[in-house]
Amino acid sequence: MKIFDYEDIQLVPNKCIVNSRSECETKVKLGKREFRMPVVPANMQTIIDENIAEFLAANGYFYIMHRFDEASRIPFMEKMRAKNLFTSISVGVKSSEYAFVKELAEKALVPDYVTIDIAHGHANSVIEMIGHIKEYLPETFVIAGNVGTPEAVRELENAGADATKVGIGPGKVCITKLKTGFGTGGWQLSALRRCSKAARKPLIADGGIRTHGDIAKSIRFGATMVMIGSLFAGHEESPGDTKIEDGVLYKEYFGSASEYQKGERKNVEGKKIWIQHKGSLADTLVEMEQDLQSSISYAGGKDIEAIRKVDYVIVKNSIFNGDIF
Ligand SMILES: NC(=O)C1=CN([C@@H]2O[C@H](COP(=O)(O)OP(=O)(O)OC[C@H]3O[C@@H](n4cnc5c(N)ncnc54)[C@H](OP(=O)(O)O)[C@@H]3O)[C@@H](O)[C@H]2O)C=CC1
Ligand SMILES: Nc1nc2c(ncn2[C@@H]2O[C@H](COP(=O)(O)O)[C@@H](O)[C@H]2O)c(=O)[nH]1
Numbered sequence: 114m115k116i117f118d119y120e121d122i123q124l125v126p127n128k129c130i131v132n133s134r135s136e137c138e139t140k141v142k143l144g145k146r147e148f149r150m151p152v153v154p155a156n157m158q159t160i161i162d163e164n165i166a167e168f169l170a171a172n173g174y175f176y177i178m179h180r181f182d183e184a185s186r187i188p189f190m191e192k193m194r195a196k197n198l199f200t201s202i203s204v205g206v207k208s209s210e211y212a213f214v215k216e217l218a219e220k221a222l223v224p225d226y227v228t229i230d231i232a233h234g235h236a237n238s239v240i241e242m243i244g245h246i247k248e249y250l251p252e253t254f255v256i257a258g259n260v261g262t263p264e265a266v267r268e269l270e271n272a273g274a275d276a277t278k279v280g281i282g283p284g285k286v287c288i289t290k291l292k293t294g295f296g297t298g299g300w301q302l303s304a305l306r307r308c309s310k311a312a313r314k315p316l317i318a319d320g321g322i323r324t325h326g327d328i329a330k331s332i333r334f335g336a337t338m339v340m341i342g343s344l345f346a347g348h349e350e351s352p353g354d355t356k357i358e359d360g361v362l363y364k365e366y367f368g369s370a371s372e373y374q375k376g377e378r379k380n381v382e383g384k385k386i387w388i389q390h391k392g393s394l395a396d397t398l399v400e401m402e403q404d405l406q407s408s409i410s411y412a413g414g415k416d417i418e419a420i421r422k423v424d425y426v427i428v429k430n431s432i433f434n435g436d437i438f
């Protein structure tokens with residue numbers, strides 16, 4: 114089995130068939146909808162809030178609202194619906210979440226997308242929740258995760274998941290691999306590749322994206338969509354505290370399993386870091402889209418599909434050779 118991660122891979126260019134990168138189309142379909150880019154900000158409290166969700170939905174991007182303000186989920190969905198915007202929320206697996214799903218069905222408030230968001234998604238608790246959502250909200254597109262193996266992808270797909278999310282421990286604020294010894298941290302791209310060989314439905318690569326080029330690499334190795342936390346943290350619009358140190362502005366980015374999220378030090382598998390202020394999220398999204406258009410042109414195509422077929426080479430830890438960052 115070949116083991117590598119994002120920094121170990123370079124994609125091999127093909128002859129260009131466009132005259133301008135602007136001809137390249139970054140659109141992607143997930144479920145019944147088409148989105149502008151195969152990228153979704155992480156469903157974390159310092160990455161997305163209602164304002165960002167509304168901006169993303171209104172501008173053709175996919176979004177997944179986090180699950181950490183449970184009571185606000187129904188009013189949020191009602192607000193999005195009133196504005197004719199799609200709804201995409203997260204749930205956990207506690208018994209109260211079963212009641213929440215039933216309540217949505219009773220109110221005929223059917224989310225377009227529901228993400229079951231727990232650390233170790235290859236679990237009966239997730240399989241049962243998939244069944245429960247499919248029973249009460251059969252029209253909803255269900256994303257289940259997180260997982261790191263082909264067996265898990267197969268099992269969640271067979272349970273009814275419409276997409277699975279791959280990535281245990283590669284996140285920037287993750288400490289799972291240190292605390293437990295387990296995960297796909299350090300070999301996330303290989304893990305994605307292994308999972309894609311088993312998947313019959315879309316995969317969402319989650320965690321470990323450090324550069325825009327990593328998006329194209331995820332697509333090459335089987336992702337339909339890429340979930341990103343740290344690259345979206347630290348923006349003007351980002352939720353969370355700010356601080357100024359030596360005249361430099363920083364914004365917080367913390368893990369969903371950190372003490373800052375949980376409010377207690379129990380089963381902590383996440384930490385907090387401070388990210389230097391990056392300007393506007395809208396600008397970053399535009400830059401990401403342009404970079405992805407460029408990736409498509411190097412792949413020798415006009416759309417995302419072109420990236421899936423390109424050759425690659427393994428150049429261990431060398432993508433930053435010659436670059437000074
Ligand atoms: N992608 C990743 O690598 C990781 C992501 N996270 C994120 O952190 C947040 C909190 O995650 P999580 O702790 O799952 O959520 P919760 O604390 O909501 O846990 C969900 C349920 O699963 C149980 N549970 C959690 N982990 C395990 C396990 N290893 N074995 C058996 N049962 C388990 C919990 O019980 P109990 O607490 O009693 O065990 C709880 O009942 C999520 O948003 C998740 O995405 C967290 C770690 C890794
Ligand atoms: N192990 C942990 N993983 C976490 C935690 N909170 C979030 N996450 C995962 O990280 C990605 C984002 O990764 P990034 O490299 O793009 O920053 C996120 O989508 C989750 O899957 C946590 O507390 N512990």
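Residue numbers (my numbering): 114 to 438.
Yeah, the Cβ is synthetic: ideal placement off N, Cα and C, and Gly gets one too.
It should be emphasised that the depicted structure is a prediction, and the values quoted were computed from it without experimental measurement.
Across the set ARG323, SER201, THR297, VAL266, the C-alpha of SER201 shows the shortest separation from the C-alpha of ASP162. By the neighbour-count definition (other C-beta atoms within 10 Å, threshold 16), PHE295 is an exposed residue.
Taking a cut-off of 8 Å on C-beta distances, the region 224–240 touches the region 250–270, as three or more cross pairs fall below it.
Put simply, the region 126–146 does not touch the region 287–304. Fewer than three CB pairs are less than 8 Å apart. For VAL141, the uninterrupted beta strand (DSSP E) segment begins and ends at 141–143. Annotation: the continuous alpha helix (DSSP H) that includes ASP396 extends over 394–411. The C-beta of THR355 has fewer than 16 other C-beta atoms within 10 Å across all chains shown, which makes the residue exposed. The DSSP assignment places complete alpha helix (DSSP H) segments of no fewer than 4 residues inside the region 255–328 at 263–272, 289–293, 301–311, in order along the chain. Shown here for ASP327: same chain residues with a beta carbon closer than 6 Å to its own, the five before and five after excluded, namely TYR119 in chain order. Looking at the backbone, the Cα of PRO352 and that of ILE160 are separated by about 6 Å. A distance criterion of 8 Å places the beta-carbon of LYS391 beyond contact range of ligand 2, judged by its closest non-hydrogen atom.
In this model, VAL152 and ILE165 are separated by some 14 Å (Cα to Cα). For ARG421 and ILE332, the gap between their C-alpha atoms comes out near 6 Å. Under the three-state reduction of DSSP output, SER203 falls in the strand class. Taking the C-beta atoms as reference points, VAL255 is found nearer than 9 Å to VAL227. Between ligand 1 and ALA265, a heavy atom-to-CB distance of less than 8 Å is absent.
The residue among ASP396, GLN374, ASN380 with its C-alpha nearest the C-alpha of ILE386 is GLN374. One alpha carbon belongs to ASP424, the other to LYS415, and they sit about 17 Å apart. Judged by DSSP secondary structure, LEU250 falls outside any alpha helix (DSSP H); it is assigned neither H nor E. In this structure, DSSP gives GLN158 a state outside helix and strand, which the three-state scheme calls coil. Beta-bridge pairing by DSSP links ARG146 to LEU143.
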